[in-house]
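Chemist: Just add 348 to the spot in the sequence shown (first one is 1) and you have this note's numbering.
Just so you know, even glycine gets a beta-carbon here, dropped at the ideal spot from N, CA and C.
From a predicted model like this one, the values you see are computed outputs, not experimental measurements.
The structure under discussion is supplied below as structure tokens; questions concerning it will follow.
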Amino acid sequence: DMASSGHFAFGTRGYVMYHATDTKVYYNNFSGDRTSTLIYDIAADYPGYKTSRIQIFKNTDNPFDSKLLFVGIYNETTKEGKLLQFVVNETNGAIEEDPTVYAGFGRIASMNYKRK
349 DMASSGHFAF GTRGYVMYHA TDTKVYYNNF SGDRTSTLIY DIAADYPGYK
399 TSRIQIFKNT DNPFDSKLLF VGIYNETTKE GKLLQFVVNE TNGAIEEDPT
449 VYAGFGRIAS MNYKRK
């Protein structure tokens, strides 16, 4: 589904790349066999939602640098957005636990880290 993907995120500590179609998120090891592996099916858990943005957290002053994958999803009918936070292995791309879900958004078009 890489040809159908419209969202991409690249890690900084390994050959880690994620890409997403409207309803599926994939991991790709672009240094090895270059095959993509489905890591999350949005439609299965969030019917009606589509991917609006993906991003790997990058902040060298933070212990979670390159260890979080954020996926913004949006439901056009209800006008509701959610943010899925995945803990990932920064060197091999593996998802290490189920996502934490944050609700209460509209369509997520961009993301940035804010230090308190």
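At the level of alpha carbons, what is the spacing between Y397 and V449?
Modeler: As a first step, residue 397 must be located in the sequence shown, where it is residue number 49. As a first step, residue 449 must be located in the sequence shown, where it is residue number 101. When rounded, the distance between both Cα atoms is 13 Å.
Chemist: Any contact between the segment 359-369 and the segment 434-449? By contact I mean 3 or more CB pairs, one from each, below 8 Å.
Modeler: In short, these stretches touch, since the Cβ pair count reaches three.
Chemist: Name the two residues that bound the continuous beta strand (DSSP E) containing I387.
Modeler: Against the sequence shown, residue 387 aligns to sequence position 39. Its beta strand (DSSP E) spans residues S384 to D389.
Chemist: I'd like to check one pair, D349 with S384: are the Cβ atoms closer than 8 Å?
Modeler: The count along the sequence shown starts at 1 and reaches residue 384 at position 36. The count along the sequence shown starts at 1 and reaches residue 349 at position 1. Taking 8 Å as the Cβ cut-off, S384 and D349 qualify as a contacting pair.
Chemist: Which partner residues does E428 have in the DSSP bridge list?
Modeler: Your numbering for residue 428 matches position 80 in the sequence shown. N423.
Chemist: With R310 as the anchor, note down where its beta strand (DSSP E) starts and where it stops.
Modeler: In this structure the chain extends from 349 to 464, so residue 310 is not present and cannot be described.
Chemist: Please list the terminal residues of the continuous beta strand (DSSP E) segment that includes M365.
Modeler: Here residue 365 refers to the residue found at position 17 of the sequence shown. Run containing M365: V364 to A368, per the beta strand (DSSP E) assignment.
Chemist: Look up Y461 in the DSSP assignment and give the residues it is bridged to.
Modeler: Along the sequence shown, one-based indexing puts residue 461 at 113. For Y461, which the question treats as bridged, DSSP gives no partner whatsoever.
Chemist: Express the C-alpha separation of G354 and D370 in angstroms, rounding to a whole number.
Modeler: The sequence position of residue 370 within the sequence shown is 22, counting from 1. The sequence position of residue 354 within the sequence shown is 6, counting from 1. C-alpha separation (whole angstroms): 8 Å.
Chemist: Spell out the partners DSSP gives A357 in its beta bridges.
Modeler: For the purposes of this step, residue 357 is taken as residue 9 along the sequence shown, with counting starting at 1. In the DSSP output, where bridge partners are listed per residue, A357 has Y366.
Chemist: Would you mind stating whether R455 and Y422 have Cβ atoms separated by less than 8 Å?
Modeler: Along the sequence shown, one-based indexing puts residue 455 at 107. Along the sequence shown, one-based indexing puts residue 422 at 74. Yes, the Cβ-Cβ distance between R455 and Y422 is below 8 Å.
Chemist: Can you name, in chain order, every residue of its own chain whose Cβ lies under 6 Å from the Cβ of K427, other than the five neighbours on each side?
Modeler: Looking up residue 427 in the sequence shown gives position 79. Closer than 6 Å at Cβ, skipping near neighbours: no residue.
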